[in-house]
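Notes follow once the structure below has been shown.
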Amino acid sequence: MIPETSERKPVLEVRDLRVYYETPKGDVRAVDGIDFTLYEGEILGMVGESGCGKSTAAMGVLQLIVSPGRIVSGEIILNGIDLLKISEQHLRQLRWSRLALIPQGAMNSLNPTMRISQQIEDVIREHELKEQRLSKVAMKARILELLQWVGLPERIYSMFPHELSGGMKQRVCIAIAIALNPSVIIADESTSALDVVVQRVVAQTMLKIKQALGVSMIMIGHDMGLMAQMVDRIVVMYAGNIVEIATVEHMFAHPAHPYAQMLIDAVPSLRERKPLKVTQGITHDPRNPPPGCIFQLRCPFVMERCRTEAPARQEIRPGQEVACHLYELQPDGSFNDVRTSASDS
Amino acid sequence: MGKIPRRYLLRRLLIFFLTIWASATLIFIIPRLAPGDPVSAMVGDMQNAGSDTENSAAIIDGWKARFGLDASLPEQYIRYLGNLVTFDFGYSISNFPTPVGEIIVRALPWTIGLLIVALVITFLLGNFLGALMVWSKTPRLIRLIIPLGLVFTSIPSILAALFLLYFLAYVLGWFPDANAYAIGQVVPGLNLEFVGSVIYHGTLPALAIILVSFGYWALGMRGMMITVEGEDYIQLARAKGLKPAYMLYRYMIRNAILPQITAFAITLGTLISGQVLVEYVFQYPGMGRVIYDNILARDFPVIQGSAFFLIVMTALAVLFVDLIYPYIDPRISIGREE
Amino acid sequence: MEPTPVLNASVNTVTPSKTMGRFNIWDTPWFNWRLMTGLGIITLVLLMGIVGPLLWNTDMARERSLTARLLPPIGFTNIRGVEGTWEHPLGTNNFGHDMLAIIIIGAPNTFLIGFIAAIIGMLVGIILGFMGGFLGGWIDNFILLASDVTLTIPALMVLIVLNSVFDRIDLLTMALIIAAFAWPRATRQIRSQVLTMRESGYVQMARLSGASTFDIMFREMLPNLMSYLFASFISGATGAILAAVGLETLGLGPQGVITLGGTIYDAYTNLALSGHLWWWWGIPTILLAVMFIGLLLINLGLDEIANPRLRRSSK
Numbered sequence: 001m002i003p004e005t006s007e008r009k010p011v012l013e014v015r016d017l018r019v020y021y022e023t024p025k026g027d028v029r030a031v032d033g034i035d036f037t038l039y040e041g042e043i044l045g046m047v048g049e050s051g052c053g054k055s056t057a058a059m060g061v062l063q064l065i066v067s068p069g070r071i072v073s074g075e076i077i078l079n080g081i082d083l084l085k086i087s088e089q090h091l092r093q094l095r096w097s098r099l100a101l102i103p104q105g106a107m108n109s110l111n112p113t114m115r116i117s118q119q120i121e122d123v124i125r126e127h128e129l130k131e132q133r134l135s136k137v138a139m140k141a142r143i144l145e146l147l148q149w150v151g152l153p154e155r156i157y158s159m160f161p162h163e164l165s166g167g168m169k170q171r172v173c174i175a176i177a178i179a180l181n182p183s184v185i186i187a188d189e190s191t192s193a194l195d196v197v198v199q200r201v202v203a204q205t206m207l208k209i210k211q212a213l214g215v216s217m218i219m220i221g222h223d224m225g226l227m228a229q230m231v232d233r234i235v236v237m238y239a240g241n242i243v244e245i246a247t248v249e250h251m252f253a254h255p256a257h258p259y260a261q262m263l264i265d266a267v268p269s270l271r272e273r274k275p276l277k278v279t280q281g282i283t284h285d286p287r288n289p290p291p292g293c294i295f296q297l298r299c300p301f302v303m304e305r306c307r308t309e310a311p312a313r314q315e316i317r318p319g320q321e322v323a324c325h326l327y328e329l330q331p332d333g334s335f336n337d338v339r340t341s342a343s344d345s
Numbered sequence: 346m347g348k349i350p351r352r353y354l355l356r357r358l359l360i361f362f363l364t365i366w367a368s369a370t371l372i373f374i375i376p377r378l379a380p381g382d383p384v385s386a387m388v389g390d391m392q393n394a395g396s397d398t399e400n401s402a403a404i405i406d407g408w409k410a411r412f413g414l415d416a417s418l419p420e421q422y423i424r425y426l427g428n429l430v431t432f433d434f435g436y437s438i439s440n441f442p443t444p445v446g447e448i449i450v451r452a453l454p455w456t457i458g459l460l461i462v463a464l465v466i467t468f469l470l471g472n473f474l475g476a477l478m479v480w481s482k483t484p485r486l487i488r489l490i491i492p493l494g495l496v497f498t499s500i501p502s503i504l505a506a507l508f509l510l511y512f513l514a515y516v517l518g519w520f521p522d523a524n525a526y527a528i529g530q531v532v533p534g535l536n537l538e539f540v541g542s543v544i545y546h547g548t549l550p551a552l553a554i555i556l557v558s559f560g561y562w563a564l565g566m567r568g569m570m571i572t573v574e575g576e577d578y579i580q581l582a583r584a585k586g587l588k589p590a591y592m593l594y595r596y597m598i599r600n601a602i603l604p605q606i607t608a609f610a611i612t613l614g615t616l617i618s619g620q621v622l623v624e625y626v627f628q629y630p631g632m633g634r635v636i637y638d639n640i641l642a643r644d645f646p647v648i649q650g651s652a653f654f655l656i657v658m659t660a661l662a663v664l665f666v667d668l669i670y671p672y673i674d675p676r677i678s679i680g681r682e683e
Numbered sequence: 684m685e686p687t688p689v690l691n692a693s694v695n696t697v698t699p700s701k702t703m704g705r706f707n708i709w710d711t712p713w714f715n716w717r718l719m720t721g722l723g724i725i726t727l728v729l730l731m732g733i734v735g736p737l738l739w740n741t742d743m744a745r746e747r748s749l750t751a752r753l754l755p756p757i758g759f760t761n762i763r764g765v766e767g768t769w770e771h772p773l774g775t776n777n778f779g780h781d782m783l784a785i786i787i788i789g790a791p792n793t794f795l796i797g798f799i800a801a802i803i804g805m806l807v808g809i810i811l812g813f814m815g816g817f818l819g820g821w822i823d824n825f826i827l828l829a830s831d832v833t834l835t836i837p838a839l840m841v842l843i844v845l846n847s848v849f850d851r852i853d854l855l856t857m858a859l860i861i862a863a864f865a866w867p868r869a870t871r872q873i874r875s876q877v878l879t880m881r882e883s884g885y886v887q888m889a890r891l892s893g894a895s896t897f898d899i900m901f902r903e904m905l906p907n908l909m910s911y912l913f914a915s916f917i918s919g920a921t922g923a924i925l926a927a928v929g930l931e932t933l934g935l936g937p938q939g940v941i942t943l944g945g946t947i948y949d950a951y952t953n954l955a956l957s958g959h960l961w962w963w964w965g966i967p968t969i970l971l972a973v974m975f976i977g978l979l980l981i982n983l984g985l986d987e988i989a990n991p992r993l994r995r996s997s998k
């Protein structure tokens, strides 16, 4: 259970982040103005279908966007520092020591010509302070400690990446990520390329990170079922926008946004037979999003209002925010689902 | 770093020996394809070309005895191969009774010296410039050198040699036009004047080779750097906040250079051929001049011996590079073929 | 020319794009300037060779003339103070042969050797490449081994031995001999392409629908290889011309045939360099350089088409 909103301390605040990709025919709006906050000690899940912009958002936060992409505007405030306003030098210092990444596709994320030990060592050496410089012996001990922590055998130490299996490589990436005890770790689809057995091991390791080290994490993925077991809150993205942010409990019990509902419906259940819902994918041209609500072309509950006015995100109950015109603020401060009130009268 | 896998080693050695055997056989067969008895033909040709062959009868007899030209072809072949293994290439006709081997040994150090110097400079310069191309802080001047270098690579080394010879040696007179050192003016040995003279004389030939080769490496390296840059591990390296110079070297160059080394082995043959021509233009007393002088003199044993020797040298160089490669690229060492 | 920034990823790039508007229709890969310029150059040279004999008296390449010896090109004066004339706009050599006529005849000859050798090499490459790539097994191993060995042997050495023994080599024979060393590269390239394509979707489909091996090879794979084959041909031709020029400059070129390299050989052995008869060796040399540059540009242009990533980072 997460503590009350007012007691939680934010470690990462993202405000109005926009990341566009240049193409000959106009900018693709991969991330089109998202706001969210990551609180200390929580795991925030980001879900959405392929192309919704979740990975791009993560890369934006990490400042790893390369041409033809660019960050157009926004604020990325990590531990009170806006990453978009600091010098390159300063950013480099903060990298990894405060903000780390567990990459997608660990198949290729390790330098093929470096031993595992070297890959862990170089980042520690880079960021360690002169006064706290580790001796060779201490360094080796630290690296072995990290390997053990993620459940890898000692012999991995001098091996090369191609000698390891996919799951082992992924765990090496995790070991590297926790090496400097960062405030935030972003895990980008870190279990997607693995088989279920290994997935479980990796997932458990991640949970261990949160519990034992108190690191705040953003987990990006598209497997809602897996998310449910690991994250505290879920951010649902569609075509570059955040449509809903809710705690896991709220999300699965009563998803508010129609798109979130679709995603939940698509999770296969062991208990009931459900017809397979085939969805269409992002239907509009990412260079030319429709005015008004981003989801209007696919929404089964679309109204006139949705075509002209983009809905603002509202907290319809504690722990659940949604950007949808279906939810109207009542005079007494609560929210009504327009569909239920319509059928009432 | 790793050990050489057996299959890889065996294959490389097989190629090496096959290459040598195939070239030896070719060199054996070719003169015998011409009508008539090779030796008499050779001597006859030489006389036509005006060479001094007083003892033609003695030469012919000496050769025939030595190589048993009266014996059957297969027998000659076996003897020939046997001789090659001991590096016995026979005698020079125009300089009888100087053995071909001696002529080669005299010229070889110059060729090897020039080759190593030119190679090392070309490889380092080319790859370094190619790597720099990918770094956004590279000054514009350096960026211009690379397209220029690329244009140069399309020009065969002899042409570059001719240009350099004409402009820098004849027109401007800045460099000498022939020889490895100032013959008669400087005493060979480990003294400063000699070494200085060697460097002075060697500059233009080396330059000719370097100018036409470095662009190829620069382009290749640039291409490889671009490919490597797109790899996932570079993204992670950036996220790690490593120092740019360190990342450039350890994550990019170190990985980009691997295919360059393989390519290097393949181009060795062309390089050595090109160098032979450069030596010829500059009258540099290496194998190039030996071959050219003896083409004029129609001295086949020397031509064939030199050609064969150069082939062996190339094959050795390729084998050497092939053998070091697993030590540099760990992915090769454990079981996998390229 | 702004290459992709490697080490400065997106820090403080909260700015509008600086490069918008750089894209336009001329950006399609086939229009790239390298390919166009290269083709232009080569076409010009070929045209010169084809149209030249119609416009210029090419017999002057062989006619000896005592009076018109060692004339410099138009606008220049030779060391004896004799000026160039329009009769021989590019000068004459030691024997009074007209240089313009020489290059009009010589250029196509040089090209011819290269193209013939490259075509033969490519044909062999297609046959062996397909055989090796498709059939695999020991045939493939054998072909690979043979190519590796041939590749290792420095062609020039064997060619020197060959040409020094045989005096009367004609153009065709020389092209054949050079082709004998040109086939491995084409074979290797085609073979690796075949291997990649063999596992691709449309080939699997063809197999599943019962097409014969022959059909698959020619109807499915070959058309897709076209641009690749063209690139292979160009680099093969470049290599062949290079080998040919090397031999010609050593005096081992085809006899009785005027070639650019052979002209250089004549000039060199007649001490044209020290004698400041620069046009004798210089003009064929420059023409050769231009030809090679043209071929290189074509090669680079084709490279850009084949490898899209290079496109983004180049001019």
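Residue numbers (the working numbering), protein chains in the order written: chain G, 1 to 345; chain Y, 346 to 683; chain B, 684 to 998.
All residues carry an ideal CB built from backbone N, CA and C; glycine is no exception.
All figures in this text were calculated on a predicted structure; none of them were measured in a lab.
Measure the beta-carbon distance from residue i to residue j and round it to whole angstroms, keeping in mind my assumption that it falls under 8 Å.
i, j, result
"residue 780 of chain B", "residue 840 of chain B", "About 32 Å; that fails the 8 Å criterion."
"residue 102 of chain G", "residue 188 of chain G", "7 Å"
"residue 581 of chain Y", "residue 334 of chain G", "Contact doesn't hold; Cβ gap of about 47 Å is too wide."
"residue 202 of chain G", "residue 213 of chain G", "So it is not a contact: roughly 16 Å between Cβ atoms."
Between the alpha carbons of residue i and residue j, how many angstroms are there, rounded?
i, j, result
"residue 704 of chain B", "residue 461 of chain Y", "Model confidence at residue 704 of chain B stands at a pLDDT of 44, short of 50, so the residue's coordinates are unreliable and nothing is read from them."
"residue 120 of chain G", "residue 143 of chain G", "7 Å"
"residue 657 of chain Y", "residue 847 of chain B", "20 Å"
"residue 611 of chain Y", "residue 667 of chain Y", "10 Å"
"residue 419 of chain Y", "residue 873 of chain B", "38 Å"
"residue 18 of chain G", "residue 54 of chain G", "12 Å"
"residue 583 of chain Y", "residue 354 of chain Y", "37 Å"
"residue 531 of chain Y", "residue 469 of chain Y", "32 Å"
"residue 464 of chain Y", "residue 138 of chain G", "43 Å"
"residue 466 of chain Y", "residue 555 of chain Y", "7 Å"
Which chain B residues are close to residue i, counting only those with a beta carbon under 8 Å from its beta carbon?
i, result
"residue 339 of chain Y", "Look at the range of chain Y in this structure, 346 to 683, and you will see that residue 339 of chain Y is not part of it."
"residue 601 of chain Y", "What residue 601 of chain Y touches in chain B: nothing, since even the nearest Cβ is about 12 Å away."
"residue 496 of chain Y", "976, 979"
I want to verify the contact list: residues of chain G whose CB lies under 9 Å from the CB of residue i, in sequence order.
i, result
"residue 593 of chain Y", "The contacting residues do not exist; residue 593 of chain Y stays about 13 Å from chain G at best."
Under 9 Å Cβ-Cβ, which residues of chain Y neighbour residue i?
i, result
"residue 919 of chain B", "None at all; the shortest Cβ gap to chain Y is about 14 Å."
"residue 877 of chain B", "Per Cβ cutoff of 9 Å: no residues; residue 877 of chain B is ~17 Å from chain Y at best."
In the DSSP output, what is residue i paired with across the bridge?
i, result
"residue 45 of chain G", "G:219, G:234"
"residue 70 of chain G", "G:20"
"residue 10 of chain G", "G:39"
"residue 321 of chain G", "G:245, G:315"
"residue 337 of chain G", "G:327"
Kindly list, in the order they appear in chain G, the residues whose Cβ is closer than 7 Å to that of residue i.
i, result
"residue 596 of chain Y", "111"
Is the closest heavy atom of the ligand SAH to the C-beta of residue i under 7 Å?
i, result
"residue 870 of chain B", "Because no ligand of any kind appears in the structure shown, any question about the ligand SAH cannot be addressed here."
Name, please, each residue of chain Y whose Cβ falls closer than 8 Å to the Cβ of residue i.
i, result
"residue 123 of chain G", "585, 586, 587"
"residue 847 of chain B", "640, 643, 645, 648"
What does residue i reach in chain G if we use C-beta pairs closer than 8 Å?
i, result
"residue 675 of chain Y", "112, 113, 160, 162"
Could you list which residues in chain B have their beta carbon closer than 7 Å to that of residue i, in chain order?
i, result
"residue 500 of chain Y", "972, 975"
contact_flag[the segment 728–736 of chain B, the segment 777–791 of chain B] where n(CB pairs < 8 Å) is 3 or more: A contact exists between the segment 728–736 of chain B and the segment 777–791 of chain B.
Stretch pair the segment 882–894 of chain B + the segment 940–948 of chain B: three plus CB contacts closer than 8 Å: Under the three-pair Cβ rule at 8 Å, the segment 882–894 of chain B does not count as touching the segment 940–948 of chain B.
Contact between the segment 349–356 of chain Y and the segment 806–821 of chain B (3+ Cβ pairs under 8 Å): These segments do not touch.
At least 3 beta-carbon pairs within less than 8 Å: the segment 83–102 of chain G vs the segment 165–182 of chain G: In this structure the segment 83–102 of chain G touches the segment 165–182 of chain G; the number of beta carbon pairs closer than 8 Å is three or more.
Touching by the beta-carbon criterion (3+ pairs, under 8 Å), the segment 241–248 of chain G and the segment 321–329 of chain G: At 8 Å Cβ cutoff, the stretches touch.
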